[in-house]
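Participant: In our numbering, the protein residues as written are -8 to 419.
Okay, here's the structure, questions in a sec.
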């Protein structure tokens, strides 16, 4: 089915040029037809017309790094003891949660995450999944849930040796099976939980399936301390020696505790860095500094939420002192994920992915001042309609592809199941 966006004020996401007119959108063609005049050209049968008068239309958003498996954590019981550092946050909270996930909770987490992404304007999601007691088939469950809601994706399983070599091998096997039929990445948790053997197997998979590594890097100083103690080198040096750094599809997440040499290794490599400012603040691990990292920086949410406009504002505000960031640079990082996907020929992020914003600004908005509106005005509340791969998936703030109420009702039930399993899990 075709869509005609009538009286649209379209903002080109790359140039910020404002273009007024009608836009024809189809699911079959990723490109858009501007200035379409229905009086001169007959509309295709079944075309739906959306009047965009007074609204803004632009390319939809994409999440550069997410953890959908954390979706049912909101309001969960407190950990058995209060974490005193980042490693204990992982051990007492997130590693207990991921051990309790099963097929049902994985599916619920994926469904509610996909809905949240769409309602915040994102139609593409790069996700990093972990469920060590339910590895097999987990990526397929997530993929089907995302596609059911209407979100394109680039998934990976977070392979780690923290639960033993057997489960690490299951993660490698799950990745290999998934990549036979899907675009995706090869996920690793972080250097300090990945053995040399697992790292070699992961890099080998990227070569077999023309993929990249997706890994947390130096999120906390502990990652560097363990790497120096066990491998006699720093994290980025270890990844370089393993063959990770020369891959333009690879994503290094966080990259906080780096020395100048590591920053030079990253900037001279074609890979990408994912910035997650809110998560860094939440875990008290430090502030992101882009100095020496180059321009290949994208933004993520790290499972905190699914709102990329919020992530961009956090990157801007947190970076005022630590990173010298400008509104232009915050916007560039917000949109760089599209460049990452395009340059690596990943599918699902074509021009027929759009968001319509009912932005009731009390002041004029134009090309010259848009970045100010981006930082201080636009929020997810302004998202009214979303088009994913040419298909209208959100209309008047309501998701059209699935029953939101039923999914949320079921997710609450699954959350209680998950929390009960966490409480009954033996102490660490």
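Using N, Cα and C, we set each Cβ at its ideal position, and we do this for glycine too.
Source: prediction; values computed, not measured.
Measuring alpha carbon to alpha carbon, tell me which of 265, 41, 71 ends up nearest residue 347.
Facilitator: Residue 41 is the option with its Cα nearest to residue 347.
Participant: At which residues does the beta strand (DSSP E) containing residue 243 begin and terminate?
Facilitator: 242 to 245
Participant: For residue 316, report the span of its alpha helix (DSSP H) as first-last.
Facilitator: Here residue 316 belongs to no alpha helix (DSSP H), and DSSP marks it neither H nor E.
Participant: Which residues bound the beta strand (DSSP E) around residue 97?
Facilitator: First-last for residue 97: 94 to 110, but that is the alpha helix (DSSP H), not the beta strand (DSSP E).
Participant: Do the stretch 99 to 114 and the stretch 383 to 397 make contact, defined as three or more Cβ pairs closer than 8 Å?
Facilitator: yes
Participant: Kindly indicate which residue of 156, 122, 133 has the alpha-carbon position closest to the one of residue 149.
Facilitator: 122
Participant: Identify the continuous beta strand (DSSP E) that holds residue 386 and give its terminal residues.
Facilitator: 382 to 386
Participant: Could you tell me which whole beta strand (DSSP E) segments of length 3 or greater appear in the stretch 0 to 30?
Facilitator: The beta strand (DSSP E) runs lying completely inside the stretch 0 to 30 and spanning 3 residues or more are 9 to 16, given in chain order.
Participant: With 16 other CB atoms within 10 Å as the buried threshold, where does residue 44 fall?
Facilitator: exposed
Participant: Return yes when the Cβ of residue 272 is within less than 9 Å of the Cβ of residue 478, no when it is not.
Facilitator: Outside the displayed range of the chain (-8 to 419) lies residue 478, so it cannot be described from this structure.
Participant: Since residue 316 and residue 307 should fall inside the 8 Å C-beta cutoff, what is the C-beta to C-beta distance between them, to a whole number of angstroms?
Facilitator: 6 Å
Participant: Take every Cβ of the stretch 328 to 338, pair it with every Cβ of the stretch 99 to 106, and state whether three or more of those distances are shorter than 8 Å.
Facilitator: no
Participant: Apply the 10 Å Cβ neighbour rule to residue 124 and answer buried if 16 or more other Cβ atoms are within range, or exposed otherwise.
Facilitator: exposed
Participant: Can you name, in chain order, every residue of its own chain whose Cβ lies under 7 Å from the Cβ of residue 218, other than the five neighbours on each side?
Facilitator: 182, 183, 224, 225, 226, 229.
Participant: Cα-Cα, which of 85, 366, 239, 365 is closest to residue 70?
Facilitator: 85
Participant: Nearest to residue 372 by alpha carbon, out of 363, 351, 380, 359?
Facilitator: Comparing alpha carbon positions, the residue from 363, 351, 380, 359 closest to residue 372 is 351.
Participant: Helix, strand or coil for residue -2? Go by DSSP, reduced to three states.
Facilitator: strand
Participant: Let me know the secondary structure DSSP gives residue 349 once reduced to three states.
Facilitator: coil
Participant: Look at the alpha carbon of residue 75 and the alpha carbon of residue 214, and state the distance between them as a whole number of angstroms.
Facilitator: Taking the straight line from one Cα to the other gives about 16 Å.
Participant: For residue 413, does the count of other Cβ atoms within 10 angstroms reach 16, so buried, or fall short, so exposed?
Facilitator: That one is buried.
Participant: Going by beta-carbon coordinates alone, are residue 366 and residue 406 separated by less than 9 Å?
Facilitator: At least 9 Å separates the beta-carbon of residue 366 from that of residue 406.
Participant: How is residue 55 classed by DSSP in three states: helix, strand or coil?
Facilitator: Residue state for residue 55 is assigned as strand, using DSSP reduced to three classes.
Participant: Taking 9 Å as the cut-off, decide whether the C-beta atoms of residue 264 and residue 244 are in contact.
Facilitator: yes
Participant: Would you list the residues sitting across from residue 389 in a DSSP beta bridge?
Facilitator: Partner residues in the beta bridge of residue 389, as assigned by DSSP, are 386.
Participant: Identify the continuous alpha helix (DSSP H) that holds residue 365 and give its terminal residues.
Facilitator: 361 to 367
Participant: State yes or no: is the C-beta of residue 102 within less than 9 Å of the C-beta of residue 136?
Facilitator: Taking 9 Å as the Cβ cut-off, residue 102 and residue 136 qualify as a contacting pair.
Participant: Does the count of Cβ pairs from the stretch 12 to 20 and the stretch 374 to 383 closer than 8 Å reach three?
Facilitator: Three or more beta-carbon pairs separated by less than 8 Å link the stretch 12 to 20 to the stretch 374 to 383, which places the two stretches in contact.
Participant: Does the Cβ of residue 237 have 16 or more other Cβ atoms within 10 Å, making it buried, or fewer, making it exposed?
Facilitator: Answer is exposed; the Cβ neighbour count stays below 16.
Participant: Closest to residue 52 by C-alpha separation, out of 374, 404, 392, 390, would be which residue?
Facilitator: 374
Participant: By DSSP, does residue 296 sit in helix, in strand, or in coil?
Facilitator: coil
Participant: Contact check, residue -6 vs residue 39 under 8 Å by CB: the rounded distance?
Facilitator: A Cβ-Cβ separation of about 5 Å places residue -6 in contact with residue 39 under the 8 Å criterion.
Participant: Can you tell me whether residue 389 is buried or exposed, with buried defined as 16 or more other CB within 10 angstroms of its CB?
Facilitator: exposed
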